[in-house]
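Engineer:
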Amino acid sequence: MSSLIGLCLAGACLGISRAAAADAIPPASAASRGLAPAVIPVNPSAVSPASPPAASAPAASPAAAATPGVPPQPYPPEVFALLLEKGSLEQIEQACLTLLDLGDDARVRQLHTRLMTLHPAPQPLAVVLANAHVLISCRAPQQALAVLDRFGPAAGGERQQWLLLQWRAANAGLDHRRAAEALWRLAAGDAARLEAVLLPVKQAADGTTTTRVALDQLAEHYIAQGRRRQAAEVLLASRVPGVATASRLQQAAALLETLPLAERDSLYERALEQAAAAGAWGLVTQLLDDQARLQAEPGGDPSRAIERRLRLSGRIDDAYGEWLLRRQDPAASDRSRQLERQLRSPRDPGGHQPTTTSPAAAVQPNPVPATGQDPAEPAVPQP
6 MSSLIGLCLA GACLGISRAA AADAIPPASA ASRGLAPAVI PVNPSAVSPA SPPAASAPAA
66 SPAAAATPGV PPQPYPPEVF ALLLEKGSLE QIEQACLTLL DLGDDARVRQ LHTRLMTLHP
126 APQPLAVVLA NAHVLISCRA PQQALAVLDR FGPAAGGERQ QWLLLQWRAA NAGLDHRRAA
186 EALWRLAAGD AARLEAVLLP VKQAADGTTT TRVALDQLAE HYIAQGRRRQ AAEVLLASRV
246 PGVATASRLQ QAAALLETLP LAERDSLYER ALEQAAAAGA WGLVTQLLDD QARLQAEPGG
306 DPSRAIERRL RLSGRIDDAY GEWLLRRQDP AASDRSRQLE RQLRSPRDPG GHQPTTTSPA
366 AAVQPNPVPA TGQDPAEPAV PQP
């Protein structure tokens with residue numbers, strides 16, 4: 006927190022002249038003017054924006070004494086007017102955050118207006134990015150997009166910085182169309198490139214940042230617009246083997262509701278292969294359940310998926326999952342009652358005992374692929 010905020014919150018700005026108020030606004034420190042990164046990429050140096058030029062501001066002066074019995078008032082009129090006239094980006098951002106916490110929407114809007122005119126076009130990219138970053142911090146994402154639209158960088162590192170901050174602004178404003186457009190342009194027509202980009206989606210009070218893979222984020226923006234097929238196509242671009250790709254294939258199969266049953270079943274088989282290879286047996290059970298529901302549709306046969314699911318339940322000690330399936334089969338009523346007793350009595354032997362059998366042995370591929378895929382390529386790896 007700058008000395009300006011501390012000064013005013015302490016009541017030191019009360020009852021002072023305009024000249025003294027000018028002395029109360031300290032200059033912005035060079036270290037704190039740097040832009041927070043808009044993305045956490047594999048190569049951070051590729052998207053680190055340069056610091057904008059410093060705004061001139063009067064030097065700080067000793068604090069004046071607060072009036073006894075009067076509660077501290079942040080940014081009295083004289084100080085706020087001077088801030089609007091001569092404040093730097095950093096000072097305006099700090100004031101905006103303080104006033105947002107206080108719920109002073111009227112003065113926050115005044116700061117938004119000032120930020121739109123503080124650095125009129127044309128400006129270097131560093132200044133444009135810094136200005137947009139402060140507007141995002143001040144909860145003015147649409148104004149941030151307007152500032153970014155003043156600049157159109159050519160291909161290269163500058164364009165990447167510009168597009169990433171465009172995404173931040175659009176995402177903050179729930180503008181899914183602009184957010185998706187920024188990420189697609191960042192991918193340059195190859196969605197798989199977005200697997201290597203991590204986007205900041207949330208910042209905790211302790212300063213830690215939660216990130217998300219840009220590929221998944223782009224799919225979410227398409228889903229929010231009702232563009233389910235485009236979202237599925239993005240998810241199917243995943244190339245990194247393992248759980249992430251298995252989950253994306255699962256989501257794509259669910260999104261492509263109009264795809265022929267055999268083709269959707271093929272997506273589940275590919276997902277099963279990825280999940281089983283990674284030993285993600287919880288995900289394997291979900292995929293087999295999804296596959297069984299799909300095959301239960303007209304023209305399908307869920308028996309194979311159910312059989313594989315039951316075999317897997319025995320290998321991974323999933324008595325509850327087995328019970329859910331058995332209770333639907335009148336011919337398995339005895340086994341269903343046995344499982345129900347085990348679930349009600351966790352101390353009884355069976356159902357909770359460790360197993361030495363590999364779970365992969367339970368997940369065998371269908372003997373005849375329903376999708377016409379190469380029979381030599383197993384849907385799920387053999388143990």
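In terms of my numbering, the sequence shown opens at residue 6 and continues consecutively.
Built from N, CA and C at the ideal position, the CB exists for glycine as well.
For clarity, every value in this text was computed on a predicted model and none was experimentally measured.
Taking the alpha-carbon positions, what's the D110 to C143 distance?
Structural biologist: Counting from 1 along the sequence shown, the entry for residue 110 is found at position 105. Counting from 1 along the sequence shown, the entry for residue 143 is found at position 138. Roughly 11 Å between the two C-alpha positions.
Engineer: Hey, would you say L94 sits closer than 7 Å to V139, going by beta carbons?
Structural biologist: Here residue 94 refers to the residue found at position 89 when the sequence shown is read from its first residue. Here residue 139 refers to the residue found at position 134 when the sequence shown is read from its first residue. Contact: yes.
Engineer: Is N136 near V152, with beta carbons less than 7 Å apart?
Structural biologist: Within the sequence shown, numbered from 1, the residue matching residue 136 stands at position 131. Within the sequence shown, numbered from 1, the residue matching residue 152 stands at position 147. Cβ atoms of N136 and V152: closer than 7 Å.
Engineer: Using the C-alpha atoms, what's the distance from G162 back to E91?
Structural biologist: The sequence position of residue 91 within the sequence shown is 86, counting from 1. The sequence position of residue 162 within the sequence shown is 157, counting from 1. Just to set this straight, residue 91 is Lys in the shown sequence, not Glu. Distance between the alpha carbons of K91 and G162 is about 32 Å.
Engineer: Output needed for Q128: all residues of its chain with C-beta closer than 8 Å, excluding positions within five of it in sequence on either side, in chain order.
Structural biologist: Here the question's residue 128 lines up with position 123 in the sequence shown. The residues are N136, R155 and F156.
Engineer: Using a Cβ-Cβ cut-off of 6 Å (strictly less than) and excluding sequence neighbours within five positions of A229, which residues of its own chain qualify?
Structural biologist: Position 224 of the sequence shown, counted from the start, is the residue given in the question as residue 229. Contacts found: H181.
Engineer: Return yes when the Cβ of A237 is within less than 7 Å of the Cβ of A209, no when it is not.
Structural biologist: Counted from its first residue, the sequence shown places residue 209 at position 204. Counted from its first residue, the sequence shown places residue 237 at position 232. No, these two residues do not count as a Cβ contact at 7 Å.
Engineer: According to DSSP, is V245 helix, strand or coil?
Structural biologist: If you number the sequence shown from 1, residue 245 lands on position 240. In the structure shown, V245 sits in coil (DSSP, three-state: anything other than H, G, I, E or B).
Engineer: According to DSSP, what are the bridge partners of T215?
Structural biologist: By 1-based counting over the sequence shown, the position of residue 215 is 210. Beta-bridge pairing links T215 to K207.
Engineer: What does a CB cutoff of less than 7 Å around E200 pick up in its chain, not counting 5 residues either side in sequence?
Structural biologist: Position 195 of the sequence shown holds residue 200. Counting only Cβ-Cβ distances below 7 Å, and skipping sequence neighbours, we find V218, L220, S243, R244 and V245.
Engineer: Name the one or two DSSP bridge partners that V139 has.
Structural biologist: As a first step, residue 139 must be located in the sequence shown, where it is residue number 134. None, per the DSSP bridge assignment.
Engineer: Leaving out five residues on either side along the sequence, give the residues of the same chain with a beta carbon under 6 Å from the beta carbon of P57.
Structural biologist: Here residue 57 refers to the residue found at position 52 of the sequence shown. Residue confidence for P57 is low, a pLDDT of 47 falling below 50, so the modelled location carries little weight and cannot support an answer.
Engineer: Straight-line CA distance for A177 to R232?
Structural biologist: By one-based count along the sequence shown, residue 177 stands at place 172. By one-based count along the sequence shown, residue 232 stands at place 227. Between A177 and R232, the C-alpha separation is close to 20 Å.
Engineer: Can you tell me the Cβ-Cβ gap for V239 and A280, rounded? I've got them flagged as a contact below 8 Å.
Structural biologist: Along the sequence shown, read from residue 1 onward, the residue named residue 239 stands at position 234. Along the sequence shown, read from residue 1 onward, the residue named residue 280 stands at position 275. Actually they do not touch by this definition, with Cβ atoms about 20 Å apart.
Engineer: Using CA coordinates, which residue listed in G212, T216 and D211 is at the minimum distance from V202?
Structural biologist: Locating residue 202 in the sequence shown gives position 197, where the first residue counts as 1. Comparing Cα-Cα distances from V202 to each of G212, T216 and D211, the minimum goes to T216.
Engineer: Where in the segment 99-154 do unbroken runs of the alpha helix (DSSP H), each at least 4 residues long, occur, reported from the N-terminal end onward?
Structural biologist: If we require 4 residues or more, the alpha helix (DSSP H) runs fully inside the segment 99-154 come out as 110-123, 130-142 and 146-153.
Engineer: So, is A126 buried or exposed, given that buried needs 16 or more other C-beta atoms within 10 angstroms?
Structural biologist: On the sequence shown, position 121 is the one that residue 126 refers to. Counting Cβ neighbours within 10 Å, A126 comes out exposed, since fewer than 16 surround it.
Engineer: Measure the CB-CB distance between R183 and A175 and report whether it falls below 7 Å.
Structural biologist: Counted from its first residue, the sequence shown places residue 183 at position 178. Counted from its first residue, the sequence shown places residue 175 at position 170. Taking 7 Å as the Cβ cut-off, R183 and A175 qualify as a contacting pair.
Engineer: Taking a contact to mean a Cβ-Cβ separation below 7 Å, would you say L261 touches A276 in this structure?
Structural biologist: Taking the sequence shown and counting its residues from 1, the one referred to as residue 261 is at position 256. Taking the sequence shown and counting its residues from 1, the one referred to as residue 276 is at position 271. Not in contact: L261 and A276 (Cβ atoms no closer than 7 Å).
Engineer: Please state the DSSP three-state secondary structure of R309.
Structural biologist: Counted from its first residue, the sequence shown places residue 309 at position 304. DSSP places R309 in helix when its eight states are reduced to three.
Engineer: Going straight from the alpha carbon of A193 to that of Y227, what length do you get?
Structural biologist: Position 188 of the sequence shown, counted from the start, is the residue given in the question as residue 193. Position 222 of the sequence shown, counted from the start, is the residue given in the question as residue 227. For A193 and Y227, the distance between alpha carbons rounds to 17 Å.
Engineer: Can you tell which of L116, L89 and L88 has its C-alpha closest to the C-alpha of C101?
Structural biologist: Counted from its first residue, the sequence shown places residue 101 at position 96. Comparing Cα-Cα distances from C101 to each of L116, L89 and L88, the minimum goes to L116.
Engineer: Can you tell me whether T213 is buried or exposed, with buried defined as 16 or more other CB within 10 angstroms of its CB?
Structural biologist: On the sequence shown, residue 213 is found 208 positions in, with the first residue counted as 1. Looking at its Cβ environment, which holds fewer than 16 other Cβ atoms inside 10 Å, T213 is exposed.
Engineer: Figure out for me which residue from S308, A160, A159 and T118 has the closest Cα to the Cα of A149.
Structural biologist: Looking up residue 149 in the sequence shown gives position 144. The shortest Cα separation from A149 among S308, A160, A159 and T118 belongs to T118.
Engineer: By the 10 Å Cβ neighbour count, where 16 or more other Cβ atoms means buried, how is T263 classified, buried or exposed?
Structural biologist: Residue numbering aside, residue 263 sits at position 258 when the sequence shown is read from its first letter. Its Cβ having fewer than 16 others within 10 Å, T263 is exposed.
Engineer: Nearest to W189 by CA position, among K207, L169, Q78 and L107, is which residue?
Structural biologist: In the sequence shown, residue 189 corresponds to position 184, counting from 1. Measuring from the Cα of W189, the nearest candidate turns out to be L169.
Engineer: What residue range is occupied by the uninterrupted alpha helix (DSSP H) comprising Y273?
Structural biologist: Locating residue 273 in the sequence shown gives position 268, counting from the first residue. First-last of the alpha helix (DSSP H) with Y273: L266 to A282.
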